[in-house]
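Structure first, commentary second.
There are 2 protein chains.
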Amino acid sequence: MARTKDFDEAEVLNKALCLFWHKGYNGTSMQELVDHLGISRSSLYDTYADKHSLYIKSLEFYQNNSRHKMDDIAANATSAKEAITQLFTLMTTELLTDDQQKGCFIVNSEVELAPHDPEVRLIIRRNESQIEDILVAVIQKGQESGEIANKQDARAIARFIFNAVKGMRVSAKLTTDKAFFNDIIKITLSVLD
Amino acid sequence: MARTKDFDEAEVLNKALCLFWHKGYNGTSMQELVDHLGISRSSLYDTYADKHSLYIKSLEFYQNNSRHKMDDIAANATSAKEAITQLFTLMTTELLTDDQQKGCFIVNSEVELAPHDPEVRLIIRRNESQIEDILVAVIQKGQESGEIANKQDARAIARFIFNAVKGMRVSAKLTTDKAFFNDIIKITLSVLD
DNA sequence: ATCAAAATCCTTAGTTCTTGCCATGCCAGA
DNA sequence: TCTGGCATGGCAAGAACTAAGGATTTTGAT
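Just so you know, the protein sequences line up as chains P and F, in that order.
At position 193 of the first sequence the residue is numbered 291 (my numbering), and the sequence of numbers has no breaks.
At position 181 of the second sequence the residue is numbered 279 (my numbering), and the sequence of numbers has no breaks.
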């Protein structure tokens, strides 16, 4: 028995996410958010409580999206190696085609806030283990079918792979040189042979 | 014909570096710096001009220190593999023994400021190529002596190695679990065989 | 030796702008 | 009609930086 919201919450959240992603938590002011979200200051505070809550919601939004993408690939790929290759290309194209060079929002949050912010830490830890588990499952399947070299522990390989991705997500802040990333990807994937 | 400085500029710069390293550029206020550096506000501004200049000087200071450490290892190691192993242990122990979990100051700067700050970008690019060159030299020597597998391009291997280090420097913000890092290091180094 | 000048030191206060957040009041819709 | 979204203006604190004033230490000229 009250007025309905004029805006789409998810849509606005996505805009907030883009700003935080691009400029970081401390680098983004509430005024900037007000200017870019298309809603008023009061609506912003009514809907998302305060700056920190808005950031947390943005981070969770981003994390869910990227996990779903990975899940899809893992579920639909025909082979383990293809799955991993697809995951790599998914992430790198996302990194390299962004002319703002925002990198990865989770890595950004991890570097800027993880040591100081328990809530951020919790989300990133959850993300970490989810991604790791997805990779472990894929790798184990590949090892059972003989597609992937069996000599290393699957979890160790998963951590190794994910670590390489993290490195590239940092480098994407500085360069978009494809040759640079191809060098890294080629050798990283060679471990699976 | 004037009074000499009472404090050691490098020492104070190191304190500033520690603050920026721990809390980032936007997360550190001038008031905090005044409180922790042991010199007065006016001395701070007289000596280092402004906040941004102080940050740049801190970054250059850090970059020079870490490069010198790497140079020493590269120059004194008896073999290529030993050099790389030493570089890895140098960096990881530095990362894992820090109870503040500051990570790597260059990676932190790259993530927080590189897309927005041309001066920071320049310093990090220089660092990038210097480290890469050190690694290339070590790897080439190892390949010539047959100690390192020759099948891959030396620069590609260098980029791969450095990329793995970057990944770990991000993860160090969240965890200090040695088993986690050992998994990554073991597989990363296996590429050299 | 003495004194003036220059450069450093510190304290304190102030300026200006931005920060995150809130209180009031109006208005739309169930 | 009355709940809740929306717009406006404002507030207290914090941001970076500056200015004023006095004390101290070094140098060079007298």
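Note that CB positions come from ideal geometry on N, CA and C, so glycine has one too.
Please report the distance separating the alpha-carbon of residue i from that of residue j.
{"i": "F/P216", "j": "F/T190", "result": "29 angstroms"}
{"i": "P/D169", "j": "P/V234", "result": "12 angstroms"}
{"i": "F/I221", "j": "F/I204", "result": "9 angstroms"}
{"i": "F/I282", "j": "P/N261", "result": "7 angstroms"}
{"i": "F/Q241", "j": "P/S151", "result": "53 angstroms"}
{"i": "P/A256", "j": "F/T274", "result": "18 angstroms"}
{"i": "F/I285", "j": "F/L188", "result": "18 angstroms"}
{"i": "F/L111", "j": "F/E192", "result": "20 angstroms"}
{"i": "P/D133", "j": "P/E230", "result": "38 angstroms"}
{"i": "P/L161", "j": "F/K239", "result": "Going by the sequence as given, residue 161 of chain P is Gln instead of Leu. Roughly 43 angstroms separates the two Cα atoms."}
{"i": "F/T102", "j": "F/A147", "result": "18 angstroms"}
{"i": "F/A277", "j": "P/I171", "result": "28 angstroms"}
{"i": "F/A181", "j": "P/V263", "result": "25 angstroms"}
{"i": "P/L135", "j": "F/E245", "result": "57 angstroms"}
{"i": "F/T75", "j": "F/I237", "result": "Because chain F spans 99 through 291 in this model, residue 75 of chain F falls outside it and cannot be assessed."}
{"i": "P/L115", "j": "F/I259", "result": "32 angstroms"}
{"i": "F/F97", "j": "F/L290", "result": "As displayed, chain F neither begins before 99 nor continues past 291, which places residue 97 of chain F out of reach and without an answer."}
{"i": "F/Y153", "j": "F/S140", "result": "17 angstroms"}
{"i": "P/M128", "j": "P/S243", "result": "53 angstroms"}
{"i": "P/R219", "j": "P/S288", "result": "32 angstroms"}
{"i": "P/T195", "j": "P/F118", "result": "19 angstroms"}
{"i": "P/E158", "j": "P/C202", "result": "13 angstroms"}
{"i": "F/S83", "j": "F/K149", "result": "This structure does not reach residue 83 of chain F, given that chain F is present from 99 up to 291, and the question cannot be answered."}
Going by alpha carbons, who is nearest to residue i out of the options?
{"i": "F/K113", "options": "F/R253, F/F279, F/I204 and F/L131", "result": "F/L131"}
{"i": "F/S164", "options": "F/R219, F/R139, F/L142 and F/R224", "result": "F/R224"}
{"i": "F/E109", "options": "F/F258, F/T126 and F/L142", "result": "F/L142"}
{"i": "F/T145", "options": "F/D104, F/K271 and F/K167", "result": "F/D104"}
{"i": "P/G265", "options": "P/F279, P/A254, P/A252 and P/K149", "result": "P/F279"}
{"i": "P/S227", "options": "P/E245, P/I246 and P/A254", "result": "P/A254"}
{"i": "P/Q184", "options": "P/K149, P/L194, P/F159 and P/K167", "result": "P/K167"}
{"i": "P/D197", "options": "P/R219, P/I137, P/S288 and P/L272", "result": "P/L272"}
{"i": "P/I232", "options": "P/A178, P/S288 and P/L194", "result": "P/A178"}
With 16 as the cutoff for other CB atoms within 10 Å, does residue i come out buried or exposed?
{"i": "P/E107", "result": "exposed"}
{"i": "F/S156", "result": "buried"}
{"i": "P/K200", "result": "buried"}
{"i": "P/K249", "result": "exposed"}
{"i": "P/A252", "result": "buried"}
{"i": "P/T126", "result": "buried"}
{"i": "P/N174", "result": "exposed"}
{"i": "F/R267", "result": "buried"}
{"i": "F/V270", "result": "At residue 270 of chain F the sequence reads Ala, which differs from the Val that was named. F/A270 is buried by the Cβ-count criterion."}
{"i": "F/S207", "result": "buried"}
{"i": "P/A100", "result": "exposed"}
{"i": "P/A247", "result": "exposed"}
Check whether the Cβ of residue i lies closer than 8 angstroms to any heavy atom of the ligand SAM, and answer yes or no.
{"i": "F/D106", "result": "Because no ligand of any kind appears in the structure shown, any question about the ligand SAM cannot be addressed here."}
| Enumerated in chain order, which unbroken segments of the alpha helix (DSSP H) with a length of 4 residues or greater are wholly contained in the segment 247-271 of chain P? | If we require 4 residues or more, the alpha helix (DSSP H) runs fully inside the segment 247-271 of chain P come out as 252-269.
| field | Sufficient close CB pairs (3 or more, under 8 angstroms) joining the segment 200-219 of chain P to the segment 114-130 of chain P | value | A contact between stretches requires three or more CB pairs, one per stretch, nearer than 8 angstroms, and the segment 200-219 of chain P meets this requirement with the segment 114-130 of chain P.
| request: Can you check the segment 166-215 of chain P for any alpha helix (DSSP H) of at least 4 residues that lies completely inside it and give the ranges in chain order? | output: Those alpha helix (DSSP H) runs which fall completely within the segment 166-215 of chain P and span 4+ residues are 178-194 and 203-210.
| said: If we require 4 or more residues per run, which alpha helix (DSSP H) segments fall completely within the segment 114-159 of chain F? | reply: Within the segment 114-159 of chain F, the complete alpha helix (DSSP H) runs of at least 4 residues are 128-135 and 139-146.
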